Amino acid sequence: MWPAWPSRRPTVHRPSYAGDAQALPLPDTSVDLIVTSPPYASNAIDYMRAHKFSLVWLGRPIAALTQRRKDCIGGEAVDVTRF
Numbered sequence: 057m058w059p060a061w062p063s064r065r066p067t068v069h070r071p072s073y074a075g076d077a078q079a080l081p082l083p084d085t086s087v088d089l090i091v092t093s094p095p096y097a098s099n100a101i102d103y104m105r106a107h108k109f110s111l112v113w114l115g116r117p118i119a120a121l122t123q124r125r126k127d128c129i130g131g132e133a134v135d136v137t138r139f
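My numbering numbers the first residue of the sequence shown as 57 and each following residue consecutively.
Put into structure tokens, the structure is as follows:
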């Protein structure tokens with residue numbers, strides 16, 4: 057396709073990552089955009105509640121999950137307007 061439309065060839069290349077964002081080796085303030093699927097904020101899904109038992113089974117302490125849930129969009133206690 058690109059030989060037919062050389063002016064349309066993308067000129068900017070950025071890496072994309074998939075997986076647990078906590079495991080990514082990214083320096084602070086190095087991210088300009090995060091695209092999620094499904095989109096978060098409005099009509100957010102409380103994933104921490106849905107996956108709590110799985111995370112405990114994998115060895116995550118309940119206290120850590122409770123604190124993390126308070127910081128996640130989708131938790132009932134989070135003010136989504138701050139995002």
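All C-beta atoms in this analysis are idealised placements derived from N, C-alpha and C, irrespective of residue type, glycine included. Please read all numbers here as calculations on a predicted model, not as lab measurements.
Look up residue i in the DSSP assignment and say whether it is helix, strand or coil.
{"i": "R116", "result": "coil"}
{"i": "T85", "result": "coil"}
{"i": "A74", "result": "coil"}
{"i": "L6", "result": "Limits of the chain in this structure are 57 at one end and 139 at the other, which puts residue 6 out of reach."}
{"i": "D127", "result": "helix"}
{"i": "L121", "result": "helix"}
Quick one, are the C-beta atoms of residue i and residue j less than 7 Å apart?
{"i": "L121", "j": "L111", "result": "yes"}
{"i": "M104", "j": "R70", "result": "no"}
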